[in-house]
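There are 2 protein chains.
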Amino acid sequence: MSDNHNSAGAWAKKYHLASRTMIERILRPYDLGSTQWYVLYQLAHQGPTPQRDFLALLQIEKPTLSDVVSALVRKGFVEQTPDPKDQRQRILALTETGRGLWETLPDPIALILSIAFDGVDSDTLDLVATVLRNATERLNNYAPEGNET
Amino acid sequence: MSDNHNSAGAWAKKYHLASRTMIERILRPYDLGSTQWYVLYQLAHQGPTPQRDFLALLQIEKPTLSDVVSALVRKGFVEQTPDPKDQRQRILALTETGRGLWETLPDPIALILSIAFDGVDSDTLDLVATVLRNATERLNNYAPEGNET
DNA sequence: GACATATAGTTCGCTACCGAACATATTTGG
DNA sequence: CCAAATATGTTCGGTAGCGAACTATATGTC
Chain A
1 MSDNHNSAGA WAKKYHLASR TMIERILRPY DLGSTQWYVL YQLAHQGPTP
51 QRDFLALLQI EKPTLSDVVS ALVRKGFVEQ TPDPKDQRQR ILALTETGRG
101 LWETLPDPIA LILSIAFDGV DSDTLDLVAT VLRNATERLN NYAPEGNET
Chain B
1 MSDNHNSAGA WAKKYHLASR TMIERILRPY DLGSTQWYVL YQLAHQGPTP
51 QRDFLALLQI EKPTLSDVVS ALVRKGFVEQ TPDPKDQRQR ILALTETGRG
101 LWETLPDPIA LILSIAFDGV DSDTLDLVAT VLRNATERLN NYAPEGNET
């Protein structure tokens, strides 16, 4: 991205890209992207879920979610139905096809983690996570507006 | 991406997204994206450069670079001319407009780093960078093929 | 010199991500 | 009860990223 002249920042990006590329390589035969996988993961484990809940779950914005969902609907893996209680909301659920697919899927995350962080002790991993979590929070708190008061 | 159930992996992604979002917020008034910024950075500091060199510099693939370059050419910030020595290669250089723009640009990376990692001591930052660098290398080495022997 | 191979870029089609603007539906305030 | 505000989703247009397939140019090799 540019951040060649720093270290942690640049490597966070590169790590992210490498893992995303790998997840997508694993998922390609199944016609799924990384974010699509996570939507299926949620639906398989938690059952039907309002679409809006995925915003916080995936930490993405509405247009991104809208795209991901419509890809899954187009492929026939997910069903999107209006909530009778609130006509604004949509409930997402696995279709039969989607559930069938899920059964055959590998867990790409487990694979990535075992390759990427094998042999790193958990204290170190916790430290890394903490530094990055704090960095993320600072960026997100700063970004929204420049104003506080 | 999914990696909600791990720690360092998930936060590397979230940090990356937060910083990219912020860089793009800073650059939006100038009609530039994060990767586009880095191309200008290189050209401003190193002068005209063969397009192919940016593949290693930015660690991106050819189609991505092709897109970024054509966006910059379209906007009139960069000039793409064939290398007389080798008709396959293209040389990239700043236009007058591009150089003019560059002078007025803030350095988004410095801003990000100061916000994100302010107060973190450099030993810790080095450790984070090392863990992520190793993770990236393992992923990249594993990915290309599954075969060794 | 001719043919095979390697290199540089582009194009196509896709995922993933965002902000802005929009349509609807619900909730709140007067 | 009705107008204003809020919440949910979609659409549009953009950046950033990839693999596969393609063109054109160079470089071997026989």
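Sequences listed follow chains A and B, in order. Reading the first sequence from the start, the letters are residues 1 to 149 in full-length UniProt numbering. Reading the second sequence from the start, the letters are residues 1 to 149 in full-length UniProt numbering. Backbone N, C-alpha and C define an ideal beta-carbon position, used for all residues, glycine too.
If you follow the alpha helix (DSSP H) that A:V68 is part of, which residue opens it and which one closes it? By one-based count along the first sequence, residue 68 of chain A stands at place 68. Counting along the chain, the alpha helix (DSSP H) containing A:V68 begins and ends at K62 to R74.
What does the alpha-carbon distance come out to for the pair residue 170 of chain B and B:W102? Because chain B in this structure spans residues 1 to 149, residue 170 of chain B falls outside the shown range and cannot be described.
Given that B:H45 touches chain A, what residues does it touch there, using C-beta distances under 9 Å? Taking the second sequence and counting its residues from 1, the one referred to as residue 45 of chain B is at position 45. Ordered by position in chain A, no residue passes the 9 Å Cβ test against B:H45, which lies about 11 Å from the chain.
In chain order, what residues of the same chain lie with their CB nearer than 6 Å to the CB of A:A93, ignoring the 5 residues before and after it? The count along the first sequence starts at 1 and reaches residue 93 of chain A at position 93. Counting only Cβ-Cβ distances below 6 Å, and skipping sequence neighbours, we find P48 and E79.
Per DSSP, cross-strand counterpart(s) of A:R90: On the first sequence, residue 90 of chain A is found 90 positions in, with the first residue counted as 1. According to the DSSP secondary-structure assignment, A:R90 is paired through a beta bridge with A:P82.
Beta carbon of A:I23, beta carbon of A:P106: below 8 Å? Position 23 of the first sequence, counted from the start, is the residue given in the question as residue 23 of chain A. Position 106 of the first sequence, counted from the start, is the residue given in the question as residue 106 of chain A. One thing to note: A:I23 has its Cβ no nearer than 8 Å to the Cβ of A:P106.
Around the Cβ of B:P50, are there at least 16 other Cβ atoms within 10 angstroms (buried) or fewer (exposed)? Against the second sequence, residue 50 of chain B aligns to sequence position 50. When all chains shown are included, B:P50 counts as exposed.
If we cut at 8 Å on Cβ distances, does A:G76 have a partner in chain B? Here residue 76 of chain A corresponds to residue number 76 of the first sequence, with the count starting at 1. Not closer than 8 Å to any Cβ of chain B, the Cβ of A:G76 fails to qualify, so no.
Under 7 Å Cβ to Cβ from B:L72, same chain only, skipping five residues before and after it: list those, please. Here residue 72 of chain B refers to the residue found at position 72 when the second sequence is read from its first residue. Result list for B:L72: Q36, V39 and V78, in chain order.
B:L132 vs A:A129 beta-carbon contact at 8 Å: Here residue 132 of chain B is taken as the residue at index 132 of the second sequence, counted from 1. Here residue 129 of chain A is taken as the residue at index 129 of the first sequence, counted from 1. It is not a contact, given that the beta carbons lie outside the stated cut-off.
Relative to the alpha-carbon of A:D123, which residue among B:G33, B:V120 and B:L127 has its alpha-carbon at the smallest distance? Start at 1 with the first residue of the first sequence, and residue 123 of chain A comes out as number 123. Minimum Cα distance to A:D123 is reached at B:L127.
8 Å is my cut-off, CB to CB: does B:E148 come that close to chain A? If you number the second sequence from 1, residue 148 of chain B lands on position 148. Residue confidence for B:E148 is low, a pLDDT of 36 falling below 50, so the modelled location carries little weight; the figure read from the coordinates is stated next. Judged by the 8 Å Cβ criterion, B:E148 is not in contact with chain A.
When the cut-off is 8 Å and only beta carbons count, does A:K14 lie next to chain B? Your numbering for residue 14 of chain A matches position 14 in the first sequence. A Cβ of chain B is located within less than 8 Å of the beta carbon of A:K14.
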